[in-house]
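S.K.: Chains as they are written, first to last, in the working numbering: chain A, 174 to 527; chain B, 109 to 494.
Would you mind keeping the following structure in view while I ask a few things?
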Amino acid sequence: MEFAFTEEQQELTEAARNMLVESCAPAGLRAMLETGVPLDAARWGVITEMGLPGMLVPEDAGGLGLGVGDFIGIAEAAGYAGLPEPLVELAGVAVPLLAGFADDRGWLERIVAGGIVAVGHPVNPFVADADVAAALLLGDGDDIHLVETGAVTLTRQESFDPFRRLFRVDWTPGAASLIGTGWGLAAERGAVLAAAQMIGLGQRCIDMAVAYAKERHQFGKPIGSYQAVKHLLATVQVKIEFARPVVHAAAVELALGTLPARARVAHAKIAAGEAAELAARTAVQVFGAMGMTWEVDLHFFLKRALALKFAWGGAATHRATVTSRIESLPIGPAATFAAELTAHAPDVKFQGMK
Amino acid sequence: MKLEYTEAQRAFRAEVRGWMEANVPPAPLESFDRTREGFEAHRAWERKLNEGRWGMVTWPEALGGRGLDLIRWLIFEEEYYRAGAPTRVNQNGIFLLGPTMMEFGTEEQKARFLPRMAAGEDIWAQAWSEPGAGSDLAGVRAMATRDGDDYVLNGQKIWSSRAVFADWAFGLFRAPGSERHKGMVLVLFPLTAPGVTRRPIARMDGELVFAEIFLDDVRVPVANRLGDEGQGWHVCMATAGFERGLLLRSPARYQVTAAKLAALYEARKAALPASIGERVAQGWMDAEAYALAIYAMCSRLNAGGKIGPESSTNKIFWSEMDVQLMQTAMDILGDRAELMPRAPDADGAGDWLADYVFALAGPIYAGSNEIQRNIIAERMLGLPKG
Ligand SMILES: Cc1cc2nc3c(=O)[nH]c(=O)nc-3n(C[C@H](O)[C@H](O)[C@H](O)COP(=O)(O)OP(=O)(O)OC[C@H]3O[C@@H](n4cnc5c(N)ncnc54)[C@H](O)[C@@H]3O)c2cc1C
């Protein structure tokens, strides 16, 4: 039992985090909106060079052969940075899905080289980043198709988050595009990685509010010296501190695919969603009227947090998973970790998932 | 990151479980906050635990422990709560003073006090708060006046848990003429020493959960000082870190409560709205989140880390979670929630009431949650002092 990241994991996360935060300043985000480019080519080049899209690609296909647990801190950093590019879903959802099929048709190698594949999972009504993708993974019943973007019709659906490029996809399944069957754990991966991004987004909102609260004076003092303001921010920080370990555990346990593992993912999504939303709302309160404006950068992070709260299943869906875990499996001390609820606990009757 | 126990850890769990199954009293002991008999029954349980060498598993073997790491401690706690074993009457000793003594005590003090503490021979109370010094603990006025090789203690302490029947107390005092954080000393004194008067304070439900302590020229040797002269504040803050952050409230406690709450709900579900079910599920999630956070913290401490400001985030989380859990139980019990444990038809309702009352104190003791929020804002977030 060791609930801590290894030194290598920490170093890789730290390097990716520094790169993302430095290269993704809010001024750059605004410039992207003005020029209308969907993707910052220079940043995507660096992301690709660092090997981030291929982290979960098996080593024999040219990737790093790592798991969601290795990537979770980078997803948090992508949230913190408000990264517009589709790194998280590409590396964390599309790649493991492709790697699970008998033949990836060379797409994993293309992803390692900087190519983008978008995911149209049935849990989400629209496909994010379809326009920058070379191909889309789309479902037709249980069948999964890999369709080149040129072969589908995309209709843009404006999101509150200007960097979330959502599309309705009209397409016709054909025998040639069929690549495999079953989404496997794609929805769980999507949910836990959205949760990690929300932890980052929440922390960013707090950090922005703290910086403002030190600067802005009223009644002759910084507003951050008032207890009412301090306590609002402390309350959010507590929420984040108790959502983050759930997200980390979910990332590690996810691969088990059992009900306790899926319930952990659900819990992570609920807790991170609530923390991020509270953080964003609290930050607006601390900024006062400025917090409501387009001019202050806060809204970029608020919007992403709001969108991700509902992407990959909202709270109601995830609560149902939590409830079925509570009702069908042992709870209490000694029934915490998903791995122990399968093989090892001697007095535990394990009921597998459907 | 490995969220799986080793075979050795699983074997340890089985060993604890076996011992608890064979030894935990089948019926709950009488409260240690009501009568001497109840208190002594809990002391007897501590002796029995110690005979199995379960008093404090993380302590070195020479001091009555097993020299185990914090993950084993968590496993021990899980099995302890799972078995429904009695509440630790010596928690202020083993969870607060013990680790502090490990850090600041002399070898002589450790050998003198810790094995007896692990065995329940000395039950300890914490004597820090005073009528004029609650949240602002640096305002304590009780005096330790040096007289040769002795201290002479004078003053008044209040809210001292278990002090009604306990044997010893660790008190915060100051040198004559000193102010605020300077000149403080932490002194250990027997509650039976000449010049000590104890007055029980009844909680709102009548339980004698704490006492006032009056000190009138109480003489103790200087060897009873923990840490250096003038270092009292520093020593106390280390204790407070253990208290808020980890040892006092292990996650298993809340996981058991959440499981009991789920059972209570299950039995009465038909008559209740679905919104209550959501709160029960939230309680389970909160208890899990706390457990995961503590496993992460213990992994870090095992690797040589120190408890930082997360002792404040932890304290807020466990105390507010406890209130939520108890409120949900009261809402499930509905028109029976007001029944005292002794009411003929209480049918277990009164135990939830007692726990509810206790939960109300969580946001107050171990440093109020308002103070913890100040600490988080100033030390974690770096906001300016008011
Ligand atoms: C069940 C229980 C057991 C206890 N056991 C012990 C024990 O064993 N030994 C011991 O020494 N003490 C014990 N205490 C005492 C406890 O440590 C104090 O109650 C606590 O420190 C608060 O002090 P106070 O009660 O004097 O409240 P006060 O300090 O008077 O506070 C009253 C209210 O004002 C708020 N407040 C105070 N200062 C500030 C500030 N700067 N900013 C914002 N809000 C503020 C507080 O948060 C609180 O809500 C116990 C208390 C309880 C309830």
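Yeah, the Cβ is synthetic: ideal placement off N, Cα and C, and Gly gets one too.
For methionine 251 of chain B, name the three-state secondary structure that DSSP assigns.
M.R.: For the purposes of this step, residue 251 of chain B is taken as the residue at position 143 of the second sequence. Methionine 251 of chain B: strand per DSSP, three-state reduction.
S.K.: Quick one: any contact between the region 197-212 of chain B and the region 342-351 of chain B, if contact means 3 or more CB pairs under 8 Å?
M.R.: Touching, yes.
S.K.: Apart from the five residues just before and just after arginine 311 of chain B, which ones in its own chain have a Cβ nearer than 6 Å to its Cβ?
M.R.: Residue mapping note: residue 311 of chain B aligns to position 203 of the second sequence, counting from 1. Answer for arginine 311 of chain B: Val317, listed in chain order.
S.K.: Indicate, with yes or no, if ligand 1 has a heavy atom lying under 7 Å from the CB of isoleucine 402 of chain B.
M.R.: Reading the second sequence from its first residue, position 294 is the one you call residue 402 of chain B. No - ligand 1 has no heavy atom lying nearer than 7 Å to the Cβ of isoleucine 402 of chain B.
S.K.: Suppose only complete runs of 3+ residues qualify. What are the beta strand (DSSP E) ranges in the region 237-308 of chain A, listed by chain order?
M.R.: Taking only runs of at least 3 residues, the beta strand (DSSP E) segments lying wholly in the region 237-308 of chain A are 290-293.
S.K.: Are the region 368-382 of chain B and the region 320-330 of chain B touching, with three or more C-beta to C-beta distances below 8 Å?
M.R.: As far as the Cβ criterion goes, the region 368-382 of chain B does not touch the region 320-330 of chain B, which means the pair count is below three.
S.K.: Look at the alpha carbon of valine 465 of chain B and the alpha carbon of aspartate 313 of chain B, and state the distance between them as a whole number of angstroms.
M.R.: Walking along the second sequence from the start, residue 465 of chain B turns up at place 357. Walking along the second sequence from the start, residue 313 of chain B turns up at place 205. Cα to Cα, the separation comes out at about 8 Å.
S.K.: Please list, in chain order, all residues of the same chain as alanine 306 of chain A whose beta carbon is under 7 Å from its beta carbon, the five residues on each side excluded.
M.R.: Within the first sequence, numbered from 1, the residue matching residue 306 of chain A stands at position 133. Answer for alanine 306 of chain A: Ile289, Val290, Ala291 and Thr322, listed in chain order.
S.K.: Which complete beta strand (DSSP E) runs does the region 218-271 of chain B hold, if anything under 3 residues is left out?
M.R.: Runs of the beta strand (DSSP E) inside the region 218-271 of chain B: 232-235, 251-255 and 258-269.
S.K.: Quick one: give me the first and last residue of the alpha helix (DSSP H) that glycine 206 of chain B is part of.
M.R.: Reading the second sequence from its first residue, position 98 is the one you call residue 206 of chain B. Per DSSP, glycine 206 of chain B belongs to the alpha helix (DSSP H) from 206-212.
S.K.: Over what stretch of residues does the beta strand (DSSP E) that includes leucine 356 of chain B continue unbroken?
M.R.: For this step, residue 356 of chain B is matched to residue 248 along the second sequence. No beta strand (DSSP E) holds leucine 356 of chain B; DSSP gives it neither H nor E.
S.K.: Is tyrosine 113 of chain B close to chain A, meaning its C-beta is less than 8 Å from at least one C-beta of that chain?
M.R.: The count along the second sequence starts at 1 and reaches residue 113 of chain B at position 5. Output row for tyrosine 113 of chain B: interface = yes.
S.K.: Does the region 111-128 of chain B come into contact with the region 402-413 of chain A, if we say contact requires no fewer than three beta-carbon pairs (one atom in each stretch) closer than 8 Å?
M.R.: The region 111-128 of chain B is not in contact with the region 402-413 of chain A.
S.K.: According to DSSP, is aspartate 324 of chain B helix, strand or coil?
M.R.: Along the second sequence, read from residue 1 onward, the residue named residue 324 of chain B stands at position 216. Here aspartate 324 of chain B sits in strand by DSSP.
S.K.: By DSSP, does alanine 135 of chain B sit in helix, in strand, or in coil?
M.R.: For the purposes of this step, residue 135 of chain B is taken as residue 27 along the second sequence, with counting starting at 1. Reduced to three states, the DSSP call for alanine 135 of chain B is coil.
S.K.: Compare the C-beta of threonine 421 of chain B with all C-beta atoms of chain A and state if any pair is closer than 8 Å.
M.R.: As a first step, residue 421 of chain B is located in the second sequence; it is residue number 313 there, counting from the start. Closer than 8 Å to some Cβ of chain A, the Cβ of threonine 421 of chain B qualifies, so yes.
S.K.: For a contact meaning CB atoms closer than 7 Å, what does glutamine 117 of chain B contact in chain A?
M.R.: As a working note, residue 117 of chain B is residue 9 in the second sequence. Residues of chain A passing the Cβ test: Met174.
S.K.: Is the separation between the beta-carbon of leucine 432 of chain A and that of leucine 358 of chain A shorter than 8 Å?
M.R.: Translated into positions along the first sequence, residue 432 of chain A becomes position 259. Translated into positions along the first sequence, residue 358 of chain A becomes position 185. No, they are not a contact pair.
S.K.: As an exercise, report each continuous beta strand (DSSP E) stretch of at least 3 residues that is fully enclosed by the region 400-480 of chain A, in chain order.
M.R.: Complete beta strand (DSSP E) runs here, min 3: none at all.
S.K.: Near tyrosine 398 of chain B, what residues of its chain come up, given a Cβ to Cβ distance below 7 Å and the 5 sequence neighbours on each side ignored?
M.R.: Within the second sequence, numbered from 1, the residue matching residue 398 of chain B stands at position 290. These residues qualify, in order along the chain: Pro359, Tyr362, Phe425, Trp426 and Met429.
S.K.: Is tryptophan 505 of chain B helix, strand or coil by DSSP?
M.R.: Chain B is shown from 109 up to 494; residue 505 of chain B falls before or after that span and cannot be answered.
S.K.: According to DSSP, is lysine 423 of chain B helix, strand or coil?
M.R.: What you label residue 423 of chain B is simply residue 315 of the second sequence in a count that begins at 1. Reduced to three states, the DSSP call for lysine 423 of chain B is helix.
S.K.: Which one of A:Gln370, A:Thr354, A:Pro346 and A:Gly265 has the shortest CA to CA distance from aspartate 315 of chain A?
M.R.: Against the first sequence, residue 315 of chain A aligns to sequence position 142. For aspartate 315 of chain A, the nearest C-alpha among the options comes from A:Thr354.
S.K.: Any chance the CB of asparagine 198 of chain B is under 7 Å from a heavy atom of ligand 1?
M.R.: Working through the second sequence from its first residue, we reach residue 198 of chain B at position 90. Outside the cutoff, so no.
S.K.: Just the Cα atoms here: how many angstroms apart are leucine 171 of chain B and asparagine 158 of chain B?
M.R.: Counting from 1 along the second sequence, the entry for residue 171 of chain B is found at position 63. Counting from 1 along the second sequence, the entry for residue 158 of chain B is found at position 50. Leucine 171 of chain B and asparagine 158 of chain B: Cα-Cα distance of roughly 11 Å.
S.K.: Assign methionine 164 of chain B to one of two classes, buried (16 or more other C-beta atoms within 10 Å of its C-beta) or exposed (fewer than that).
M.R.: On the second sequence, position 56 is the one that residue 164 of chain B refers to. Answer is buried; the Cβ neighbour count reaches 16.
S.K.: Is valine 320 of chain A helix, strand or coil by DSSP?
M.R.: Residue numbering aside, residue 320 of chain A sits at position 147 when the first sequence is read from its first letter. Residue state, collapsed to three classes: strand.
S.K.: By Cβ distance, which residues of its chain are closer than 7 Å to leucine 327 of chain A, with the 5 residues on each side in sequence left out?
M.R.: For this step, residue 327 of chain A is matched to residue 154 along the first sequence. The residues are Ala303, Asp304, Phe340 and Val342.
S.K.: Measuring CB atoms only, is the region 393-411 of chain B touching the region 167-185 of chain B, in the sense that at least three cross pairs come out at less than 8 Å?
M.R.: Short answer: they touch.
S.K.: Quick check: what's the CA-CA separation for arginine 437 of chain A versus alanine 384 of chain A?
M.R.: By 1-based counting over the first sequence, the position of residue 437 of chain A is 264. By 1-based counting over the first sequence, the position of residue 384 of chain A is 211. Answer to the nearest angstrom: the Cα atoms are 33 Å apart.
S.K.: Per DSSP, glutamine 391 of chain A is paired with what?
M.R.: Position 218 of the first sequence, counted from the first residue, corresponds to residue 391 of chain A. Answer by DSSP bridge pairing, in chain order: A:Lys394.
S.K.: Short of 7 Å Cβ to Cβ, which residues in the region 489-517 of chain A face chain B?
M.R.: Residues Arg492, Val495, Thr496, Ile499, Ile504, Gly505, Pro506, Ala507, Thr509, Phe510, Ala512, Glu513 and His517.
S.K.: If we cut at 8 Å on Cβ distances, does valine 132 of chain B have a partner in chain A?
M.R.: Against the second sequence, residue 132 of chain B aligns to sequence position 24. Chain A, which has no Cβ nearer than 8 Å to the Cβ of valine 132 of chain B, makes this no.
S.K.: Give me the DSSP bridge partner(s) of leucine 400 of chain B.
M.R.: For this step, residue 400 of chain B is matched to residue 292 along the second sequence. According to DSSP, which records beta bridges pairwise, leucine 400 of chain B is partnered with nothing at all.
S.K.: Is isoleucine 504 of chain A a contact residue of ligand 1, with contact defined as CB to any heavy atom under 7 Å?
M.R.: Here residue 504 of chain A refers to the residue found at position 331 when the first sequence is read from its first residue. For ligand 1, not one heavy atom lies less than 7 Å from the Cβ of isoleucine 504 of chain A.
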